[in-house]
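Visitor: First the structure, which I've put down as structure tokens, then a few questions once you've had a look.
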Amino acid sequence: MTDDHAVVRSDGGFSRREFAAVAGTATVATALAGGTATALPAPAAPLAPAAPGGSRGADSDRCLAVARALLVLDSDDRPLVPRYVRVLKDGLPARRTRPKDVLVIGAGPSGLVAAWLLKEAGHRVTVLEANGNRAGGRIKTFRKGGHEGAGQPFADPRQYAEAGAMRIPGSHPLVMELIDRFDLKKRRFHYVDVDGEGRPAARTWIHVNGIRVRRADYARSPRRVNRSFGVPKAHWDTPAAAILRAALDPVRDEFSYVGRDGKRVDKPLPERLRGWARVVKRFGDWSMFRFLTEHAGLDERTVDLIGTLENLTSRLPLSFIHSFIGSSLISPDTPFYELEGGTAVLPDALLERVRKEVRFDRRVTRIQYHHPDRPSADGGHVRSKGPHVWVDTVSEGRDGPVVREQFTADVAVVTVPFSGLRHVQIDPPLSYRKRRAVCELHYDSATKVLLEFSRRWWEFDEDDWKRELKAVDPNLYDAYRTGKAPADGSLLGAHPSVPGGHITQAQRTHYAANRAIGRDQPEAAGVVGGGSVSDNANRFMFNPSHPVPGSAGGVVLASYSWADDALRWDSLDDEARYPHALCGLQQVYGRRIEVFYTGAGRTQSWLRDPYAYGEASVLLPGQHTELLPVIAGREGPLHFAGDHTSVKPAWIEGALESAVRAALEVHTDQ
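For what it's worth, our numbering labels the leading residue of the sequence shown as 1171, then goes sequentially.
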């Protein structure tokens, strides 16, 4: 970047670059929009024009461009999603131009979909994927087999669990179309736990400041938890979700209104577009923390409460617009789904259609492209009459010698995350604003730790616990209840259902050293699906929504964390994470769950992943107006796709929107 580029500060603190230097996902959609309303604080004032100097001066055209991207509209303000759905159904439109040679860089969902559409339209496609055996990007399922031929990840060979994408909103039409098109089986993902008849129960735990309470009980009587944060008296009896909703509703009023049934209703499209543009202009360079304190007038203790319970702590320094989009584009009553067999069955189905076109184990190191207005330092590989794109790759050498291989094409679709594209030499250099986006687009961290259990103990009632613990020792139920059970690791995996050979003595020693200090035993959880929240290192814990056929056990997402919370786990080796995760789970559910632990676990750090380079693009204040308008733009024969080029980062839908857009660009360009 040039030295004369101004560094503009936001919120009176770090500049974007300083923040990135010191600061190193799932989305907050349901957390931001959910909750039970009781007595609400006074709403924040309606939007007013920004004070002079209070904004970086994002011009109206850029704000309107961001608003169009949010609503997925073309330059004439016509909805693009119905057209994109038709493309997925019927293919790209007929053309009389000659087929092109197309390189697709990256075999994530955007790359696979773009390659499939272009291949079906008659183009000659080659997909280059750095990973040696797996497609799908951040759609990754820990499982046995699959297109990647993975080994058995858990003690029970039937079990599987998600390292990445785990839930799909029913309001995402492109993903829903692909699921139907490929005849994949979907079922409800219970973001909130349900009772035996499938009704939301909210019986999972909130465990903060030494207090443990059911979510439903907190919604009815939040005073004890709220006071433990030191919030003002005015907020003692209002759930965190309701406080947050009251803060956000005046902004939502710009593009929607509350109907007679109490639900939000979108305004007509022209008004909605102008409303979103006003929101972007007013708050585009604000952090979530600044919004909650300056605009909504909340004190820091109340912000702490909201951050802890509504999964916002890690997002507070980041863009307000990012979190607000998540809460506003997915309504609170949107159903979520999961795919039977794991989310990876979607890239399985896509890969079947382009398997011959995919070259695994080819990491792109250099891209050279022809541009008539940009001289190349080494123009020997491309020319005006073609080829227009030349790519150099290297293998990882896992199954043989390290080799290089070069590819040429008329055009390329680049789906590599910008965090990874920084390590690719591009000649001639991209335009200034595009290079700035590649350099500065903020990626966050997200880490999961998953533990396998031989029984679905989270579904138990106390009679189930008595029966199952009796199988280990007739007195064990009372020993756990009174805090007298041995804490030396001897009860780890002690239940007869736990297969032998997975728990080593080293694991028992590490477990004993890291065991939960408290010995209190809460009542049986008795939940199906859903998740608990804690202020311990695990932060968020999710139970499986459905049993795996033929298996009495299940895999719990024992810890799901973002940003700084995730970095605490990233510092640990994979094997060292499991005893810590089990300890955090026991602090919430009690020690007795240890008897079902199989000793098998899996963990995924997306920041440490050599192909993903981070969880997803989670923008900093100001980046929506400064960077987003140029992220998706083409550079000569180079087209760009991936969820980071949309306003739905970390969602499969964003990747698919970008894939269809890029395929249409390639296909319709003369």
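Note that CB positions come from ideal geometry on N, CA and C, so glycine has one too.
1) From E1510 to S1660, what does the alpha carbon distance come to, in whole angstroms?
2) When we look at the beta-carbon of A1428 and count the other beta-carbons within 10 Å, is it buried (16 or more) or exposed?
3) Sorted by chain position, which residues of the same chain lie with C-beta nearer than 6 Å to V1583's C-beta, five sequence neighbours on each side aside?
4) A1410 to V1401, Cα distance in whole Å?
5) Say whether the stretch 1457-1464 touches the stretch 1757-1774, bearing in mind that this needs 3 or more beta-carbon pairs closer than 8 Å, one atom from each stretch.
6) Rounded to whole angstroms, what's the CA-CA distance from E1566 to G1302? Just pull it up for me.
7) Cα separation between S1497 and G1477?
8) In chain order, what residues of the same chain have a beta carbon less than 6 Å from the beta carbon of V1572, not counting five sequence neighbours either side?
9) By DSSP, does W1635 sit in helix, in strand, or in coil?
10) Which residue spans inside the stretch 1405-1478 form an unbroken beta strand (DSSP E) run of at least 3?
11) Grouping DSSP H, G and I as helix and E and B as strand, with all else coil, what is L1834?
12) I'd like to confirm the pairing. Which residues does DSSP put opposite W1732 in its beta bridges?
13) Can you list, in chain order, the residues of its chain with a C-beta nearer than 7 Å to that of A1664? Leave out the 5 residues immediately preceding and following it.
14) Do you know offhand how far R1709's Cα is from Q1840's?
15) Work out the CA separation of H1293 and E1805 for me, nearest whole Å.
16) What residues match up with R1574 in a beta bridge as DSSP calls it?
17) Between the stretch 1315-1322 and the stretch 1514-1522, do three or more beta carbon pairs fall short of 8 Å?
18) Could you check how far apart the C-beta atoms of H1603 and V1800 are, in whole angstroms? I think they sit under 8 Å.
19) Do you know whose CA, among H1814, I1596 and L1797, lies nearest Y1140's CA?
20) Which residue comes first and which comes last in the alpha helix (DSSP H) that contains E1480?
21) Figure out for me which residue from E1470, A1331, V1836 and L1240 has the closest Cα to the Cα of G1445.
22) Going residue by residue through the stretch 1269-1328, where are the continuous beta strand (DSSP E) segments of at least 3 residues, counting only ones entirely within it?
23) Of the residues V1619, T1585, L1621 and S1624, which one's Cα is nearest the Cα of V1841?
24) What span of residues does the alpha helix (DSSP H) with K1259 cover, start to end?
25) Quick check on I1376: does DSSP put it in helix, strand or coil?
26) In chain order, what residues of the same chain have a beta carbon less than 6 Å from the beta carbon of P1216, not counting five sequence neighbours either side?
27) Going straight from the alpha carbon of Q1322 to that of W1286, what length do you get?
28) Near Q1793, what residues of its chain come up, given a Cβ to Cβ distance below 8 Å and the 5 sequence neighbours on each side ignored?
29) Determine the DSSP secondary structure at M1346, reduced to helix, strand or coil.
30) Hey, is the stretch 1687-1694 in contact with the stretch 1631-1647, meaning 3+ C-beta pairs nearer than 8 Å?
31) Do I1596 and I1673 have their C-beta atoms within less than 7 Å of each other?
32) Under 7 Å between the Cβ atoms of A1844 and S1280?
33) Counting only the same chain and skipping the five closest in sequence on each side, list residues whose C-beta sits under 8 Å from that of R1351.
34) To which residues does DSSP link A1579 through a beta bridge?
35) Are the beta-carbon atoms of W1375 and V1758 separated by less than 7 Å?
36) Can you check which of these residues, R1533, S1775 and W1560, is closest to S1615 by C-alpha distance?
Guide: Let me lay it out:
1) Looking at the backbone, the Cα of E1510 and that of S1660 are separated by about 36 Å.
2) Residue 1428 is actually Val in this sequence, not Ala. Classification of V1428: exposed, given that the 10 Å Cβ count is below 16.
3) Scanning its chain for C-beta atoms nearer than 6 Å, with the 5 sequence neighbours on each side dropped, one finds around V1583 the residues V1274, A1284, H1809, A1811 and A1832, in chain order.
4) Cα-Cα distance, rounded: 11 Å.
5) Inter-segment contact for the stretch 1457-1464 and the stretch 1757-1774 is absent: fewer than three beta-carbon pairs are separated by less than 8 Å.
6) When rounded, the separation of the alpha-carbon atoms in E1566 and G1302 is 7 Å.
7) The alpha-carbon separation between S1497 and G1477 amounts to approximately 14 Å.
8) For V1572, where only same-chain residues beyond five positions count, the Cβ hits under 6 Å are S1565.
9) DSSP places W1635 in helix when its eight states are reduced to three.
10) 1426-1428 and 1434-1436, all fully within the stretch 1405-1478.
11) In the three-state reduction of the DSSP assignment, L1834 falls in the helix class.
12) According to DSSP, which records beta bridges pairwise, W1732 is partnered with A1616.
13) Cβ within range, chain order: V1642 and V1765.
14) Those two C-alpha atoms are separated by around 52 Å.
15) If I take the Cα positions, the gap works out to 20 Å.
16) R1574 pairs with V1564.
17) Result yes; three or more Cβ-Cβ pairs closer than 8 Å.
18) Residue identity check: residue 1603 is Arg in the sequence provided, not His. With a beta-carbon spacing of about 4 Å, R1603 and V1800 fall inside the 8 Å limit used to define contacts.
19) Nothing about residue 1140 can be reported from this structure: the residues present for the chain run from 1171 to 1840 only.
20) No residue range can be given for E1480, since it is assigned to no alpha helix (DSSP H) and is classified by DSSP as neither H nor E.
21) Here the closest residue by C-alpha is L1240.
22) With a minimum length of 3 residues, the continuous beta strand (DSSP E) runs that stay inside the stretch 1269-1328 are 1271-1275 and 1294-1298.
23) The first residue shown for the chain is 1171 and the last is 1840, placing residue 1841 beyond what the model contains.
24) Boundaries of the alpha helix (DSSP H) around K1259: V1251 to D1260.
25) DSSP places I1376 in strand when its eight states are reduced to three.
26) Because P1216 sits at a pLDDT of 46, beneath the cut-off of 50, its placement in the model cannot be relied upon, and the following sentence gives the value as read from the coordinates. Hits under 6 Å: P1420.
27) As the crow flies, the alpha-carbon of Q1322 is around 30 Å from that of W1286.
28) Counting only Cβ-Cβ distances below 8 Å, and skipping sequence neighbours, we find R1186, S1489, E1610, L1611 and H1612.
29) Helix at M1346.
30) Verdict: yes, contact present.
31) Pairing I1596 with I1673 gives a Cβ-Cβ distance that is not under 7 Å.
32) As displayed, the chain neither begins before 1171 nor continues past 1840, which places residue 1844 out of reach and without an answer.
33) Spatial neighbours of R1351 in its own chain (CB-CB distance under 8 Å, excluding positions within 5 residues in sequence) are listed in chain order as L1258 and K1259.
34) Here A1579 is bridged, per DSSP, to V1559.
35) Yes, these two residues count as a Cβ contact at 7 Å.
36) Ranking R1533, S1775 and W1560 by Cα distance to S1615 puts S1775 first.
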